[in-house]
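This report refers to the structure that appears directly beneath it.
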Amino acid sequence: MAIQTIQTTPIDGQRPGTSGLRKKVGVFQQAHYLENFVQSVFDTLGDLSGKTLVLGGDGRFHNRAAIRTILKMAAANGVARVLVGRGGILSTPAVSCVIRKYEAMGGIILSASHNPGGPDGDFGIKYNIGNGGPAPEAVTEAIYQRTTTITSYRISDAPDLDIDHGGRSYVEQMQVEVIDPVDDYAQLMEQLFDFDAIRKLFAGGFTMRFDAMHAVAGPYAKAIIEGRLGAPEGTVINCVPREDFGGGHPDPNPVNAAELIELMARDDAPDFGAASDGDADRNMIVGRKFDVTPSDSLAILAANAQVAPGYRGGIAGIARSMPTSRAADRVAAALGIPCYETPTGWKYFGTLLDAGLATLCGEESYGTGSNHVREKDGVWAVLFWLNLLAVKGQSVQQIVEEHWQRFGRNYYSRHDYEGIDAHAAKVLMDDLRVKLAAMQGVEMNHYTVDFADDFEYTDPVDGSKAAQQGIRIVMTDGSRIVYRLSGTGTEGATLRVYLERYEADPEQHHIPTQQALAALIAIADSVASIAYNTGRSNPTVIT
Ligand code: VG1
Ligand code: CO
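Each residue of the sequence shown is one higher than the one before, counting from 60 in the working numbering.
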């Protein structure tokens with residue numbers, strides 16, 4: 060075995076987006092592509108001697124090849140020890156859990172999350188820091204800068220390691236420990252939730268379907284929900300992670316998880332339905348004939364947090380991304396705790412969680428989590444709901460409707476225009492920015508604009524700033540339209556339009572969502588000339 064130094068040159072376009080570097084598999088397969096990025100991570104981290112790294116991914120195509128390369132590069136760069144998930148498998152929240160439990164320096168996650176996989180699909184890589192959370196902007200920017208000047212990388216010529224069996228081995232001087240992907244995570248869940256109460260719920264005939272969408276949540280959900288909680292076999296479906304997610308799009312929303320939605324719409328539907336995404340950090344919650352929006356889910360968990368043993372002492376605060384509905388804000392106000400509004404992406408929650416300012420966090424994009432790790436966590440959210448259902452003895456629909464009665468309902472929807480021309484998307488956003496200043500006081504469709512701006516954020520803990528995080532048009536009654544360009548896509552651009560309207564009157568709580576938001580939808584289109592700019596008269600996905 061010997062350490063090689065390989066000459067390379069910078070490769071364009073290695074700046075991480077909302078959540079790591081995501082590209083088509085073919086791009087990652089180019090000579091030096093992965094190596095350049097990984098060496099840039101190691102160079103940014105500095106001295107690695109004596110340090111432990113966690114390594115794993117969602118099992119998508121190229122996962123194994125990338126893990127083999129990264130192990131040899133970690134050894135050549137002087138890392139002392141790597142904890143790698145058996146078979147190269149670790150969900151994103153499990154990586155976060157393992158980093159924290161074993162006090163690792165950080166971790167490398169191989170995933171493009173909700174993006175499709177397979178040879179023609181997407182691949183991704185991201186670095187998480189010692190708190191278990193995504194590297195903050197300053198770190199990802201330093202990594203990116205390094206990719207623009209890199210001239211060589213280091214790699215061992217050791218043979219490929221067996222990562223399919225537990226145990227310890229070595230690459231050069233570096234110890235590699237193959238760990239069970241599920242154990243540490245499952246133990247953490249047992250500390251947070253009332254497993255006895257949930258076991259009783261299932262023993263009493265409660266029925267559930269968890270759709271793992273052929274992605275990495277499968278082994279976790281199977282071991283915990285069917286294994287430790289005693290749900291009957293078949294409760295967790297599509298539970299073997301596949302390299303191409305069975306050809307599907309592992310994004311748990313009513314459009315992509317159509318099979319589950321169809322099942323839940325039947326008269327004989329299970330009591331509870333749930334799904335999660337490629338790397339198991341997202342969750343979708345569904346009742347019988349009743350979908351729960353992610354924003355409502357966050358608000359409901361916050362309002363009822365004390366049902367779970369891990370949160371019995373109360374929650375210190377809530378944090379939500381800016382485009383997420385303000386349902387959680389009303390709960391925070393009632394509890395007398397702060398609600399923080401951050402830019403999109405879990406990396407902005409880390410400082411708030413570390414400082415103890417927030418306990419629960421959420422995003423409208425089917426992401427919920429807490430201070431138990433530093434990532435959003437799909438299986439955690441599902442267990443939280445199970446705990447809530449076990450304690451309340453009500454249906455999903457009853458719980459949500461009672462919540463609306465108490466707090467009012469925030470009608471909410473996101474319209475995505477996927478794969479539009481990148482230049483056209485930029486023009487649309489630039490034109491909107493120009494219009495912002497003149498929008499105040501303008502009346503449209505019975506709404507009056509209170510203010511319009513481009514969201515800027517200053518982190519209350521470390522003072523770091525983020526600009527251009529979404530254009531918002533806020534009406535005098537609090538209704539909102541937000542426009543953002545996605546930072547996770549790999550083809551063209553994706554425009555996201557977020558729409559929200561608050562309704563206090565329980566008599567008005569059962570309007571179909573798109574109808575309730577129709578006036579705002581019309582304003583959103585006319586202000587941004589969406590149809591004209593994108594050439595699309597309708598969104599590709601509505602959630
Ligand atoms: C999307 C979501 C965002 C989420 C991010 C990563 O980002 O909108 O809320 O944090 O994906 O989720 P964007 O920039 O495409 O809007 V995951 O589960 O794909 O890592
Ligand atoms: Co994800």
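Where a beta carbon is used, it is the ideal one built from N, C-alpha and C, also for glycine.
{"Item": "Determine the closest residue to Val556 out of Ala583, Ile570, Gln573, Gly548, with distance taken between C-alpha atoms.", "Value": "Ala583"}
{"Item": "If you measure between the beta carbons of Thr352 and Tyr471, is that distance less than 8 angstroms?", "Value": "yes"}
{"Item": "Whose CA, out of Ala563, Leu104, Met164, Val520, lies closest to the CA of Leu412?", "Value": "Val520"}
{"Item": "Per DSSP, what kind of secondary structure is Phe466 in: helix, strand or coil?", "Value": "helix"}
{"Item": "For Ser150, verify whether its CB is less than 7 angstroms away from any heavy atom of the ligand VG1.", "Value": "no"}
{"Item": "If you compare alpha carbons, which of Gly277, Glu285, Leu251 is closest to Thr266?", "Value": "Glu285"}
{"Item": "Is it buried or exposed for Lys485, if we count other Cβ within 10 angstroms and need 16 for buried?", "Value": "exposed"}
{"Item": "What's the call for Arg119, buried or exposed, on a 16-neighbour Cβ count within 10 Å?", "Value": "buried"}
{"Item": "Just the C-alpha distance for Thr418 and Gly376, rounded to the nearest angstrom, thanks.", "Value": "6 angstroms"}
{"Item": "In the DSSP assignment, find the alpha helix (DSSP H) that holds Glu321 and state where it starts and stops.", "Value": "317 to 323"}
{"Item": "Between the alpha carbons of Tyr506 and Asp536, how many angstroms are there, rounded?", "Value": "8 angstroms"}
{"Item": "Would you call the CB atoms of Val141 and Val241 closer than 8 angstroms?", "Value": "no"}
{"Item": "Mapping the DSSP letters down to three states, classify Cys298 as helix, strand or coil.", "Value": "coil"}
{"Item": "Return the first residue and the last residue of the beta strand (DSSP E) that Gly146 is part of.", "Value": "140 to 148"}
{"Item": "Relative to the C-alpha of Ala339, which residue among Gly306, Ser215, Cys298 is closest?", "Value": "Cys298"}
{"Item": "Tell me, please, which residues DSSP counts as bridged to Ala552.", "Value": "Ile479"}
{"Item": "Whole angstroms are fine: how far does the CA of Glu460 sit from the CA of Phe182?", "Value": "40 angstroms"}
{"Item": "From Val541 to Val493, what distance separates their C-alpha atoms?", "Value": "15 angstroms"}
{"Item": "Starting from the C-beta of Pro313, find all residues in its chain whose C-beta is less than 7 angstroms away, skip the five residues before and the five after it, and write them out in chain order.", "Value": "Ile320, Asp350, Thr602"}
{"Item": "Specify, as a first and last residue, the run of the alpha helix (DSSP H) that Asp255 falls within.", "Value": "254 to 262"}
{"Item": "For the beta strand (DSSP E) holding Ala333, just list the boundary residues, first then last.", "Value": "331 to 335"}
{"Item": "Taking all protein chains shown into account, do 16 or more other C-beta atoms lie within 10 angstroms of the C-beta of Gln66, making it buried, or fewer, making it exposed?", "Value": "exposed"}
{"Item": "Excluding the 5 residues preceding and the 5 following Asp219 in the sequence, name in chain order all residues of the same chain whose CB lies nearer than 6 angstroms to its CB.", "Value": "Arg127"}
{"Item": "Expressed to the nearest angstrom, what Euclidean distance is found between the alpha-carbon atoms of His224 and Ala280?", "Value": "21 angstroms"}
{"Item": "Within 7 angstroms: the Cβ of Arg341 and any heavy atom of the ligand GTP?", "Value": "In the structure shown, the ligand GTP is absent; the only ligands present are the ligand VG1 and the ligand CO."}
{"Item": "Excluding the 5 residues flanking Ala90 on each side, which residues of the same chain have their C-beta closer than 8 angstroms to its C-beta?", "Value": "none"}
{"Item": "Given a cut-off of 8 angstroms, decide if Ile283 and Asn446 are closer than it, judged by their beta-carbon atoms.", "Value": "no"}
{"Item": "What number of angstroms, rounded off, separates the C-alpha of Gly551 from the C-alpha of Tyr229?", "Value": "43 angstroms"}
{"Item": "Assuming the contact rule is C-beta atoms closer than 8 angstroms, Ile359 and Ile458 should be a hit. Round their C-beta distance to whole Å, please.", "Value": "6 angstroms"}
{"Item": "When the Cβ atoms of the region 324 to 334 are set against those of the region 398 to 417, are three or more pairs found closer than 8 angstroms?", "Value": "no"}
{"Item": "Just the C-alpha distance for Asn174 and Pro278, rounded to the nearest angstrom, thanks.", "Value": "20 angstroms"}
{"Item": "Quick one: grab the DSSP three-state call for Asp223.", "Value": "coil"}
{"Item": "Suppose contacts are defined by Cβ-Cβ distances below 8 angstroms. Is Leu169 in contact with Val138 by that definition?", "Value": "no"}
{"Item": "DSSP beta-bridge partners for His474?", "Value": "Val556, Ile601"}
{"Item": "Would you mind sorting His431 into buried or exposed? The rule is 16 or more other CB atoms within 10 Å of its CB.", "Value": "buried"}
{"Item": "For Gly307, count neighbouring Cβ atoms within 10 angstroms of its own Cβ and tell me buried if that reaches 16, exposed if not.", "Value": "buried"}
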